[in-house]
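In my numbering, the protein residues as written are 844 to 1260. Quick reminder that beta carbons are idealized off the backbone N, C-alpha and C, glycines included. Okay, structure first, notes after.
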Ligand SMILES: Cc1cc2nc3c(=O)[nH]c(=O)nc-3n(C[C@H](O)[C@H](O)[C@H](O)COP(=O)(O)OP(=O)(O)OC[C@H]3O[C@@H](n4cnc5c(N)ncnc54)[C@H](O)[C@@H]3O)c2cc1C
């Protein structure tokens, strides 16, 4: 693999940038693989990387029906944080934040992880009680989180309006300083490049259309738009399309798929130093390195596979943004888009074996799985390699929906971006 370094950059700058090679091979499918991952998003590519790097598997393919990173990985607002309420969630998401902290070095690819802080606004007594409970629970779990007064919140994010007469006055905020953002495309490309260097075949424009099982019921391969491919170890990491794929193996999933949308403004000079979220009025905002304000809205009220959201949802979010940040009122929005998110009843993910031998599933990240990309991929690779979950993802199984052992982050925060 070609190394990125200050020396390589200087050499290419002086020689017309002609020495860079392809970042990964354009692989054609082989007849059989030791493991196949369906879904070339960050979670799928990361799983292939860790399977090769940590568990020594070499004959691995990632099958992607479109282009890598073209799903939710390339459509999200890139918020990364680990200040979740329940012990199980804090362990899972903080495992991820720790991996984010070393990811650029690990992959030799700049994923632009920026720990600029995520501030979650409170607007009423209920918010305050909920967020203070989060602060205390997080600290007990070794996860940083602190409570700010409205004045402290404004000094951390100067454009914030804390005037008391507002419709949704700011009564305080919870701040996780280690939280932040990363560059979404770079995460897909960085994992793809590093996985390819370990021999993983990344096969784009290859849609999985069927899952084959042998007489014992075990997975034996997949049917694809580029022919049949044999495998006895199959990982489904297909976000909003998970139910469709799992149905090919006769598995019903506790998932609903909704469109979730985001939008960006015209670019402006750096003005917004952190990420601000308001769960109550459902808006979140940060500024990209290009200068655009990146704004996330809520999910549509109805399930759908359309990759765009309803206009009234984004209008509602923009009203909230203009009230919280009046100086953005005259800005123009440049573009908006949607992704399909797969939502579980408790808004926590599933990273698990299934009752079909050889079939594993990583899904249910809903509106908030980008932040978990490295941790989820690491734990899913462990589960697939060892045919048993790691202790961190053991609670995130399928059985919890039958047994009632929910990890109810929906009730805890009402939102999970
Ligand atoms: C608008 C929006 C904003 C968001 N904001 C945040 C945020 O701020 N922070 C956060 O943490 N999370 C956020 N999320 C959620 C986050 O984007 C996802 O949870 C995460 O990216 C999921 O990654 P993935 O790799 O599992 O899925 P994806 O990146 O969607 O990858 C799945 C891939 O599977 C492929 N696929 C599907 N079916 C098949 C098939 N039959 N054959 C082959 N390939 C197939 C798809 O083409 C897709 O590329 C947001 C999501 C959206 C839509």
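Which of helix, strand or coil DSSP assigns to residue 1250: coil
Beta-carbon gap between residue 875 and residue 1074 smaller than 8 Å: yes
Coarse secondary structure for residue 989, derived from DSSP in three states: strand
Residue 1106 and residue 1173 closer than 8 Å at C-beta: no
Sub-8 Å separation of residue 1160 and residue 1126 beta-carbons: yes
Residue 1033 classed as buried or exposed, judged by whether at least 16 other C-beta atoms fall within 10 angstroms: buried
Nearest-angstrom Cα separation, counted from residue 1088 out to residue 1202: 11 Å
Beta-carbon proximity check, residue 1156 vs residue 1104, cutoff 8 Å: yes
C-beta contact flag for residue 1116 and residue 1020 at 8 Å: no
Cβ-heavy atom distance, residue 884 to ligand 1, below 7 Å: yes
Contact under 8 Å by Cβ, residue 916 with residue 1080: no
Interface flag, residue 1163 vs chain D, CB-CB below 8 Å: Any reference to chain D falls outside this structure, which holds one protein chain only.
Backbone secondary structure at residue 1087 - three-state DSSP: helix
Cβ distance (whole Å) where residue 1045 is taken to contact residue 867 below 8 Å: 5 Å
Proximity test, residue 1213 beta-carbon vs ligand 1 heavy atom, cut-off 7 Å: yes
Residue 922 CB to nearest heavy atom of ligand 1 below 7 Å: yes
Contact set for residue 1039: own chain, Cβ-Cβ below 7 Å, skip 5 residues either direction: 867, 868, 1045
Buried versus exposed, by CB contacts within 10 Å (16 or more), residue 848: exposed
Proximity test, residue 1004 beta-carbon vs ligand 1 heavy atom, cut-off 7 Å: no
Beta-bridge pairing of residue 1206 - partner residues as DSSP gives them: 1193
Whole-number beta carbon distance between residue 1239 and residue 1191, since they are thought to touch under 8 Å: 6 Å
Alpha carbon of residue 878 to alpha carbon of residue 1228, nearest angstrom: 9 Å
Cα-Cα separation, residue 976 to residue 886: 30 Å
Close-in-space but distant-in-sequence residues of the same chain around residue 1143 (CB under 7 Å, 5 per side omitted): 1101, 1102, 1152, 1153, 1156
CB of residue 1249 within 8 Å of CB of residue 1197, strictly: no
Test item: CB-CB of residue 927 and residue 1252 under 8 Å: yes
Rounded Cβ spacing between residue 973 and residue 924 (contact assumed at less than 8 Å): 15 Å between Cβ atoms; not a contact.
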